[in-house]
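Structure, as structure tokens:
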Amino acid sequence: MFTNLLKEVGRGKRGARDLSYDEALLAADSILEMKATPAQIGAFFVAERIKMESVEEIEAFVAVCRKHAYRAPIQEGLDCAGPYDGRKKTFFATFPAAFLLASAGLPVTLHGMPSLPPKWGITLHDLLREAGIDPGGLSRGQITKAAEGTGVLYVPAEEWCPPLKALRSIRVELDMRTVLNTAEKLIDYSYSPYLTFGVYHNTVFERMAKLANNLKYRKALIVQGAEGSEDLFIERPTRTYFVEEGESRLHIVDPDAYGLETALPDVVWTPAVQLRVSEAVLQGRGHLAFVNQVLLNAAVRLQLAGKVESVEEGLYTCKALLDDGAAWELYRKWQNVMRSEGVLSLPN
Numbered sequence: 286m287f288t289n290l291l292k293e294v295g296r297g298k299r300g301a302r303d304l305s306y307d308e309a310l311l312a313a314d315s316i317l318e319m320k321a322t323p324a325q326i327g328a329f330f331v332a333e334r335i336k337m338e339s340v341e342e343i344e345a346f347v348a349v350c351r352k353h354a355y356r357a358p359i360q361e362g363l364d365c366a367g368p369y370d371g372r373k374k375t376f377f378a379t380f381p382a383a384f385l386l387a388s389a390g391l392p393v394t395l396h397g398m399p400s401l402p403p404k405w406g407i408t409l410h411d412l413l414r415e416a417g418i419d420p421g422g423l424s425r426g427q428i429t430k431a432a433e434g435t436g437v438l439y440v441p442a443e444e445w446c447p448p449l450k451a452l453r454s455i456r457v458e459l460d461m462r463t464v465l466n467t468a469e470k471l472i473d474y475s476y477s478p479y480l481t482f483g484v485y486h487n488t489v490f491e492r493m494a495k496l497a498n499n500l501k502y503r504k505a506l507i508v509q510g511a512e513g514s515e516d517l518f519i520e521r522p523t524r525t526y527f528v529e530e531g532e533s534r535l536h537i538v539d540p541d542a543y544g545l546e547t548a549l550p551d552v553v554w555t556p557a558v559q560l561r562v563s564e565a566v567l568q569g570r571g572h573l574a575f576v577n578q579v580l581l582n583a584a585v586r587l588q589l590a591g592k593v594e595s596v597e598e599g600l601y602t603c604k605a606l607l608d609d610g611a612a613w614e615l616y617r618k619w620q621n622v623m624r625s626e627g628v629l630s631l632p633n
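Counting the sequence shown from 1 gives a position; our numbering is that position plus 285.
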């Protein structure tokens, strides 16, 4: 059966066709359960990459990933779905923003894994390791305890969805983007009603908006952000798609409209620098560009989830939480709970 499906997507640019949702379910099941051979799986990924995955095909892969993942309604909040292949040239604003949002009463789910192709950038896993936490060594109970105490849930995706770990070697050998690069970000480990999802090209806005609707998120913000992430730019406007109740519309978020547009300093990013800048922002003493970027992203996400009426109100709320130390205190609490298991040698 898998061979027949492979032939349908692998007939070349002109002859290939999109699979139906049911056919894509069969293909995804064969791949995630490793019923297909590594050669067949690799061929399918390449064929889909050439053809370009349809919404129904991605949705099917999301459904099968979810079936094989540990998912629990730990908290009702916002899922931040950024690229698992990481960052090379930009600040991980979503990391400190998560603690700012949680301190404002909006629980946040983050998730990731060790770096992947095609970017091979710095990941959230790397930031946690710099903070003295071994994300792969944490039990579900420990992770859940940290989330229940702080509102920030970090999911090591390969541990909570084991087929992703089983497929890593094939993805590394291919060294290219596959359908999993999208599907793995939408597993939604905590049944979040709100989603912010990063894309690299604006040509996929409509497809991803349709996918977010099909997956029944209450509201979603599709962001053409920094390095394909869910992070809004601070030095220029960002193109986004706002999705709600089957409707979607283009929305430009311009930092200059809020007096926040700021030139970015030249930074050579390493995991240590990412963590240092994140912690400086949470302490209210970071570079203005990165403080403003975190404030803008947090304010827009608070508005998305209905916690504030406007971005301006969100900015006021978030600035106060940075100034009074609430976000930093919450981060330190989360860090201490996460360090009590899966501990690495702490940085100096």
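Even glycine gets a Cβ: it sits at the ideal position worked out from N, Cα and C.
{"query": "The ligand MN heavy atom lying under 7 Å from the CB of residue 527", "result": "With respect to the ligand MN, the structure shown offers nothing to examine, as it has no ligands at all."}
{"query": "The stretch 457 to 464 / the stretch 331 to 340 touching (three or more Cβ pairs under 8 Å)", "result": "yes"}
{"query": "Separation of residue 603 from residue 335, as counted between CA atoms", "result": "43 Å"}
{"query": "Pairwise C-alpha distance: residue 415 and residue 631", "result": "Residue placement at residue 631 cannot be trusted, given a pLDDT of 41 that sits under 50; the coordinates are not used to answer."}
{"query": "For residue 286 and residue 550, the rounded distance between their alpha carbons", "result": "54 Å"}
{"query": "Validate contact between the stretch 392 to 403 and the stretch 535 to 547 using beta carbons, cut 8 Å, 3 pairs", "result": "no"}
{"query": "Alpha-carbon to alpha-carbon, residue 556 and residue 621", "result": "19 Å"}
{"query": "Residues of its chain near residue 303, where Cβ-Cβ distance is below 6 Å and the 5 sequence neighbours each way are ignored", "result": "339"}
{"query": "Three-state secondary structure assigned by DSSP to residue 549", "result": "coil"}
{"query": "Start and end residues, alpha helix (DSSP H) containing residue 327", "result": "323 to 336"}
{"query": "Contact belief for residue 379 with residue 582 at Cβ below 8 Å, rounded distance in angstroms", "result": "7 Å"}
{"query": "Cβ neighbours of residue 478 in the same chain (closer than 7 Å, five flanking residues each side left out)", "result": "361, 502 and 503"}
{"query": "Buried/exposed call for residue 466, threshold 16 Cβ in 10 Å", "result": "buried"}
{"query": "Every unbroken alpha helix (DSSP H) inside the stretch 525 to 604 [4 residues or more]", "result": "556 to 567 and 573 to 589"}
{"query": "Exposure label - residue 368; buried when at least 16 CB within 10 Å", "result": "buried"}
{"query": "7 Å CB neighbourhood of residue 592 in its chain, flanking five on each side removed", "result": "389, 390 and 391"}
{"query": "Beta-ladder partner(s) of residue 372, from DSSP", "result": "407"}
{"query": "Spatial distance of residue 321 from residue 405 (CA atoms)", "result": "26 Å"}
{"query": "Strand pairing of residue 441, partner residues [DSSP]", "result": "397"}
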